[in-house]
Amino acid sequence: MDQNQLFEKAKEIRERAYTPYSKFPVGAALLTKSGKVYQGCNIENAAYPVSLCAERVAIFKAISDGVTDFAEMAVVADTGRPVSPCGSCRQVMSEFFDKKMPIHIGNLEDDRKTMSMEELLPFSFESADLPVEDE
Ligand SMILES: O=c1ccn([C@H]2C[C@H](O)[C@@H](CO)O2)c(=O)[nH]1
Ligand SMILES: [Zn+2]
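In this note's numbering, each residue's number is its place in the sequence shown (first place is 1) plus 3.
1. If you draw a straight line from the alpha carbon of G90 to that of E98, how long is it in whole angstroms?
2. Mind checking who V79 pairs with in its DSSP beta bridge?
3. Should the region 58-66 be regarded as contacting the region 31-47, the criterion being three or more beta carbon pairs within less than 8 Å?
4. From what residue to what residue does the beta strand (DSSP E) around G38 run?
5. Look up M4 in the DSSP assignment and say whether it is helix, strand or coil.
6. Looking only at its chain, what residues have a beta carbon closer than 7 Å to the beta carbon of T22, apart from the 5 residues adjacent to it on each side?
7. Using DSSP bridges, identify the partner residues of K116.
8. On the criterion of 16 or more Cβ atoms from any shown chain inside 10 Å, does A49 qualify as buried, or is it exposed?
9. Express the C-alpha separation of K102 and E136 in angstroms, rounding to a whole number.
10. From the DSSP secondary-structure annotation, give me the bridge partner or partners of F73.
11. Name, in chain order, the residues that DSSP records as bridge partners for Y21.
12. Going straight from the alpha carbon of A65 to that of F73, what length do you get?
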């Protein structure tokens, strides 16, 4: 699966977004090293903060399937510049993605940009920062 195909998967799932409040559908496609693709769309709620972003839906689908061998992600929305994942999604990505993993962001005009995990969230808070528990 190449980058164009991954963006197609992101655009496809974007059509399933549930966005009656923002009217801002987003699609994400997460490729695993074994070639499987997990697709996610944003799902909103009348209680606005309960809404979940496309990126986290894709990641949580994979994690709940027992899959963690992530290779690349593509995210797409109808934005003027390539869509910028929110801070909460960057933090969740950093929990599961290697620092060098490429994240492709784009818009419907196919303006695209690829950033590594560590470019997207530098100096991230991570498990190594937590105190080590003695036994
Ligand atoms: O990268 C992004 C940015 C925003 N949203 C969603 C959250 C909300 O449903 C809507 C407007 O913020 O877009 C995503 O899914 N991914
Ligand atoms: Zn987000």
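Just so it is clear, CB atoms sit at the ideal spot from N, CA and C, and this is done for glycine as well.
So, from the data block:
1. Here residue 90 corresponds to residue number 87 of the sequence shown, with the count starting at 1. Here residue 98 corresponds to residue number 95 of the sequence shown, with the count starting at 1. Distance between the alpha carbons of G90 and E98: 13 Å.
2. Sequence index remark: in the sequence shown, residue 79 carries index 76 (1-based). According to DSSP, V79 bridges with G30 and G109.
3. yes
4. Here residue 38 is taken as the residue at index 35 of the sequence shown, counted from 1. Neither: G38 is in no beta strand (DSSP E) and is coded neither H nor E.
5. By 1-based counting over the sequence shown, the position of residue 4 is 1. The answer is coil: DSSP assigns M4 none of H, G, I, E or B.
6. In the sequence shown, counting from the first residue as 1, residue 22 sits at position 19. Within the same chain, T22 has close Cβ partners P28, N45 and E47.
7. Indexing the sequence shown from 1 puts residue 116 at position 113. I108.
8. Taking the first residue of the sequence shown as position 1, residue 49 is located at position 46. So A49 ends up on the exposed side.
9. As a working mapping, residue 136 is identified with position 133 in the sequence shown. As a working mapping, residue 102 is identified with position 99 in the sequence shown. Distance between the alpha carbons of E136 and K102: 25 Å.
10. Indexing the sequence shown from 1 puts residue 73 at position 70. DSSP output for F73 lists T35 as bridge partner(s).
11. On the sequence shown, position 18 is the one that residue 21 refers to. I46.
12. For the purposes of this step, residue 65 is taken as residue 62 along the sequence shown, with counting starting at 1. For the purposes of this step, residue 73 is taken as residue 70 along the sequence shown, with counting starting at 1. In a straight line, the C-alpha of A65 is about 9 Å away from that of F73.
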